[in-house]
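Residue numbers (the numbering used here): 27 to 271.
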């Protein structure tokens with residue numbers, strides 16, 4: 027990242043939480059005459075770069091949409107490859123997360139992932155729990171509606187047990203039952219590849235999030251593109267339902 031790019035950013039107005047829908051790996055591979063798995067491999071490197079940008083700028087939370095509850099419907103060989111790639115990622119990145127002070131925080135229905143990956147996830151969570159430079163939310167077997175269903179079930183259970191009353195339930199109460207408990211909501215949501223939808227990602231959390239859509243495919247979303255998205259975010263006036271003047 028050049029000093030010129032950094033200089034243009036207003037440090038005081040950096041987002042506290044950036045969420046990214048990493049889309050376009052398959053199309054990128056096709057454009058380069060390669061199988062889809064080649065695009066996924068390239069995409070892993072861009073995920074690492076996104077973490078580096080967040081660390082350099084001091085953005086405390088980064089959420090990456092890696093595998094959705096709907097992605098199981100992809101061809102079995104692609105799903106198998108993605109699971110193997112995820113296991114490899116967790117193995118290789120753990121020493122880097124420790125070195126860079128990244129706290130690994132997976133979100134999603136992790137209990138439905140293959141047993142070997144669950145073991146790697148638990149290992150990474152335990153090893154990085156005291157790291158504090160960056161919280162990395164990696165969405166695995168994640169769906170925004172599924173997250174809300176899980177939250178409502180947990181609240182209903184406490185209601186049945188008499189540990190929670192209807193009068194206690196407010197918006198802040200729901201926050202406490204989400205996978206992202208104790209985190210600020212995303213200030214900026216980035217989606218690559220030219221699609222204009224949020225695809226069931228962080229549905230509750232993005233109520234007032236600034237949305238940034240780009241035609242750049244995820245394997246081409248480098249540091250300069252990330253900075254461009256943050257610059258666009260800083261040009262916007264966030265009113266949260268108010269008038270702003």
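Idealized CB from N, CA, C, for every residue including glycine.
Considering only residues of the same chain and omitting the five flanking positions on each side of residue i, which have a CB-CB separation below 7 Å?
i	result
residue 136	144, 147, 166, 167
residue 155	129
residue 113	142, 143, 146
residue 192	none
residue 172	95, 135
residue 159	81, 126, 127, 128
residue 229	170, 171, 174
residue 109	140, 143
residue 271	Bear in mind that the predicted position of residue 271 carries a pLDDT of just 45, short of 50, making it unreliable; the figure below should be weighed with that in mind. Closer than 7 Å at the Cβ level, and outside the excluded window around residue 271, lies no residue.
residue 233	none
Please check the pair residue i and residue j, which I expect to be a contact at CB under 8 Å, by giving their CB distance rounded to whole angstroms.
i	j	result
residue 284	residue 240	Here the chain comprises residues numbered 27 to 271, so residue 284 is not present and cannot be evaluated.
residue 119	residue 248	Contact doesn't hold; Cβ gap of about 19 Å is too wide.
residue 62	residue 106	Actually they do not touch by this definition, with Cβ atoms about 12 Å apart.
residue 215	residue 177	Actually they are not in contact, since the Cβ atoms of residue 215 and residue 177 sit about 20 Å apart, beyond 8 Å.
Grab the span of the alpha helix (DSSP H) containing residue i for me, first residue to last.
i	result
residue 259	249–261
residue 51	51–57
residue 143	141–154
residue 165	Run containing residue 165: none in the alpha helix (DSSP H); it sits in the beta strand (DSSP E), 160–168.
residue 64	62–83
residue 199	197–201
Can you tell me which of the options puts its alpha carbon nearest to the alpha carbon of residue i?
i	options	result
residue 38	71, 65, 85	85
residue 255	64, 217, 263	217
residue 330	189, 226, 92, 199	Residue 330 lies beyond the residue range present for the chain, which begins at 27 and ends at 271; the question has no answer from this structure.
residue 263	237, 252, 250	237
residue 220	66, 47, 178	47
residue 124	101, 77, 56	77
residue 101	222, 206, 52	52
How is the beta strand (DSSP E) around residue i delimited, first residue to last?
i	result
residue 110	Segment 102–126 is the alpha helix (DSSP H) holding residue 110; no beta strand (DSSP E) there.
residue 217	214–217
residue 87	87–94
residue 236	236–239
residue 44	43–47
So, at 6 Å on beta carbons, what are the nonlocal neighbours of residue i in its own chain, with the 5 sequence-adjacent residues on each side left out?
i	result
residue 161	87, 129, 131
residue 68	245
residue 251	242
residue 28	Unreliable placement is indicated for residue 28, whose pLDDT of 47 sits below 50; no coordinate value is reported for it.
For residue i, decide whether its Cβ has a neighbour in chain B, counting only Cβ atoms nearer than 8 Å.
i	result
residue 153	In the displayed structure, chain B is absent; only one protein chain is listed.
Taking 8 Å as the limit between beta carbons, can you name the residues of its chain near residue i, skipping five residues before and five after?
i	result
residue 195	181
residue 138	167
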